[in-house]
Structures are given as structure tokens and as C-alpha cells.
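Chemist: After the C-alpha cells below, expect a handful of questions from me.
Quick look at the structure:
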């Protein structure tokens, strides 16, 4: 396996999760094409993917971003999850390669405009969608949710040698009562069990950030701390 070059920019930037903090990340050299083994190894070391950019927080004065994963075969579905899964049984699910389509972009655009108009992804653009979600290393897929033949939700996920990674979820805002974000994470976890994969990597848990703290509802949860995976307290 080739040596993966890592680098960190010299300047910090405003943190997207905790606006009173400055952030810095460690990146894999984007000029390198990474294979499944290399991507899997980086994923196990707490790295995440945004397009073809592989990164991990490397902030000098903060360690609030904690990579977490849930054991797929042992995941405990609480009462709310079970209720949402039952309520969404009429939703049809399918998996396809993650490619840029008008249908997916239009749903993404609607989601960002209505749910994240106050965030750094607003306003959405097709270029942003492509660079963020459909430029990848060949191991990325869409878990699609259809209602009456119409795309209403999509979980973008990666497949590694030991698990799946929930990259990003977007859905029709008018269907918020169905909790499609939660439903698709649960369904992806079940798909991973069927594929014989041990973990669903959920990205970074940031307790003081509402957008990221929801991941604590999934258990048993493991966290990447001090260069090893440990049970999350």
C-alpha cells in the first residue's frame, strides 16, 4: 500500500459547528487516488469524506468533534425509532450508484433552501452538490426513499471493508414528521447487517452543536478517542 500524504493548512478558519471557535483540519493529499483499503484505513482513524477531500479535525485548542460509529448487529432501536420505522413502511427504498441527477439535485436544493438557509451550504448550487456528494472514489451510493413513485429522501453513504458510512441525508422538508433522517440511518444500519458489515460510521458528534448532537440517540455507540475506538459514555 502506498504512503498516504497528509497535510494541514497553516491558517485556521471559523468553525462550522461552534461559531466561537477556530478550526483546523488534517487532509489527505487530494491529488492521490485512494483505493478501498486505503479509504477504509483512513475511515477507521476518524477521517471523513467531503467529495474527494478526506479530512479529520486537527484543531489546536479544541477536541469537541468526536468521530462515532454504531455496531450494526447490536444497535438498539428505541421506542421512537420503532414507531418511525413502522410509520414509514409505505416508503419504497432502493440503492443506486451516487451520480449527479436532476432529481437528486432538485431535492437537495429544496432541502437546503428550507432547512439550512442559515448555514454555510446556503445558497445551494449544482457545483456544490456535485463536489460534496457525487465526486467520490467509487464506493459511494444513494439509499433512495420514494413515495408514490417520487423521490422524497436520500441517504448518501460509503461502503468500507468493515462498515458503511452515513455521509449526508437530505429529504423533502414537508415530510419532516416522518423523520426520514432517522429512518434512513436505521435502514442503512439494517442494510449493513444484511451485507455482513460491522459498523455504521455516523461522522462527528459535537455535543454543543444541535445539528450534530443527535447522534447520541444511536447505541451502542463507540467514539474515536486517543487514537482508539472506545465505548462512548
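Numbering (our numbering), first residue to last: 361 to 593. Glycine residues also receive a C-beta, built at the ideal position from the N, C-alpha and C atoms. The structure displayed is predicted, hence computed values, not measured ones.
1. Quick check: residue 468 and residue 489, are their CB atoms within less than 7 Å of each other?
2. Buried or exposed for residue 493, going by 16 or more other Cβ atoms inside 10 Å?
3. Would you check if the stretch 388–406 and the stretch 506–514 touch, i.e. whether three or more CB-CB distances between them fall below 8 Å?
4. Beta-carbon within less than 8 Å of residue 438's beta-carbon, same chain only, minus the 5 sequence neighbours each way: which residues are those?
5. Do you know offhand how far residue 414's Cα is from residue 388's?
6. Kindly list the residues whose CB is nearer than 7 Å to the CB of residue 535, restricted to its own chain and excluding five residues on each side of it in sequence; keep chain order.
7. From residue 417 to residue 508, what does the alpha carbon distance come to, in whole angstroms?
8. Please determine, among 556, 429 and 499, the residue with the shortest C-alpha to C-alpha distance to residue 459.
9. Check this for me: beta carbons of residue 376 and residue 451, under 7 Å apart or not?
10. Could you give the distance in angstroms between the alpha-carbon of residue 526 and the alpha-carbon of residue 482?
11. Short of 8 Å in beta carbon distance, which residues of its chain neighbour residue 463, apart from the five on each side in sequence? Order them along the chain.
12. Comparing the C-beta of residue 587 with each C-beta of chain C, is any distance below 7 Å?
13. What residue from 367, 545, 539 and 485 has the CA that sits closest to residue 516's CA?
14. Mind checking who residue 366 pairs with in its DSSP beta bridge?
15. Relative to the C-alpha of residue 434, which residue among 574, 567 and 557 is closest?
16. Express the C-alpha separation of residue 430 and residue 524 in angstroms, rounding to a whole number.
17. Could you check which residue in 396, 502 and 368 has the C-alpha nearest to that of residue 384?
18. Would you mind sorting residue 478 into buried or exposed? The rule is 16 or more other CB atoms within 10 Å of its CB.
19. Using a threshold of 7 Å, state whether the C-beta atoms of residue 560 and residue 549 are closer than that.
20. Applying the criterion that 16 or more other CB atoms from any shown protein chain within 10 Å of the CB defines a buried residue, is residue 584 buried or exposed?
21. Could you check how far apart the C-beta atoms of residue 564 and residue 472 are, in whole angstroms? I think they sit under 8 Å.
22. Quick one: what's residue 416 bridged to in DSSP?
23. What residue does the beta strand (DSSP E) around residue 400 start on, and which one ends it?
Modeler: Looking at the atomic coordinates:
1. Taking the chain shown and counting its residues from 1, one reaches residue 468 at position 108. Taking the chain shown and counting its residues from 1, one reaches residue 489 at position 129. A contact, by the Cβ cut-off of 7 Å.
2. For the purposes of this step, residue 493 is taken as residue 133 along the chain shown, with counting starting at 1. Buried is the call here.
3. Using a Cβ-Cβ distance cut-off of 8 Å, the stretch 506–514 and the stretch 388–406 are not in contact, since fewer than three pairs of beta carbons, one from each stretch, lie closer than that value.
4. Position 78 of the chain shown, counting from 1, holds the residue named residue 438. The residues are 577.
5. Position 54 of the chain shown holds residue 414. Position 28 of the chain shown holds residue 388. Their Cα atoms are separated by approximately 5 Å.
6. Position 175 of the chain shown, counted from the first residue, corresponds to residue 535. Closer than 7 Å at the Cβ level, and outside the excluded window around residue 535, lie 512.
7. Numbered from its first residue, the chain shown carries residue 417 at position 57. Numbered from its first residue, the chain shown carries residue 508 at position 148. Looking at the two C-alpha atoms, the distance is approximately 41 Å.
8. Counting from 1 along the chain shown, the entry for residue 459 is found at position 99. Measuring from the Cα of residue 459, the nearest candidate turns out to be 499.
9. Here residue 376 is taken as the residue at index 16 of the chain shown, counted from 1. Here residue 451 is taken as the residue at index 91 of the chain shown, counted from 1. Judged by beta-carbon spacing, residue 451 lies beyond the 7 Å limit of residue 376, meaning their Cβ atoms are not closer than that value.
10. On the chain shown, residue 526 is found 166 positions in, with the first residue counted as 1. On the chain shown, residue 482 is found 122 positions in, with the first residue counted as 1. So the two alpha carbons sit approximately 21 Å from each other.
11. Within the chain shown, numbered from 1, the residue matching residue 463 stands at position 103. The residues are 511.
12. Among the chains of the structure shown, chain C does not appear; only one protein chain is present.
13. The residue given as residue 516 occupies position 156 in the chain shown. Closest in alpha carbon position to residue 516, among 367, 545, 539 and 485, is 545.
14. Looking up residue 366 in the chain shown gives position 6. Under DSSP, residue 366 shares a beta bridge with 388.
15. In the chain shown, residue 434 corresponds to position 74, counting from 1. If we check each option's Cα against that of residue 434, 557 comes out closest.
16. Start at 1 with the first residue of the chain shown, and residue 524 comes out as number 164. Start at 1 with the first residue of the chain shown, and residue 430 comes out as number 70. Roughly 10 Å separates the two Cα atoms.
17. As a first step, residue 384 must be located in the chain shown, where it is residue number 24. Considering only alpha carbons, the answer is 368.
18. As a first step, residue 478 must be located in the chain shown, where it is residue number 118. Result: exposed.
19. For the purposes of this step, residue 560 is identified with residue 200 of the chain shown, where counting begins at 1. For the purposes of this step, residue 549 is identified with residue 189 of the chain shown, where counting begins at 1. A contact, by the Cβ cut-off of 7 Å.
20. Stepping through the chain shown from its first residue, residue 584 is reached at position 224. So residue 584 counts as buried.
21. To locate residue 564, count along the chain shown from 1; it is residue 204. To locate residue 472, count along the chain shown from 1; it is residue 112. That belief does not hold up - the Cβ atoms of residue 564 and residue 472 are roughly 20 Å apart, past 8 Å.
22. Within the chain shown, numbered from 1, the residue matching residue 416 stands at position 56. Per DSSP, 386.
23. Here residue 400 is taken as the residue at index 40 of the chain shown, counted from 1. Careful: residue 400 lies outside any beta strand (DSSP E), inside the alpha helix (DSSP H) at 396–404.
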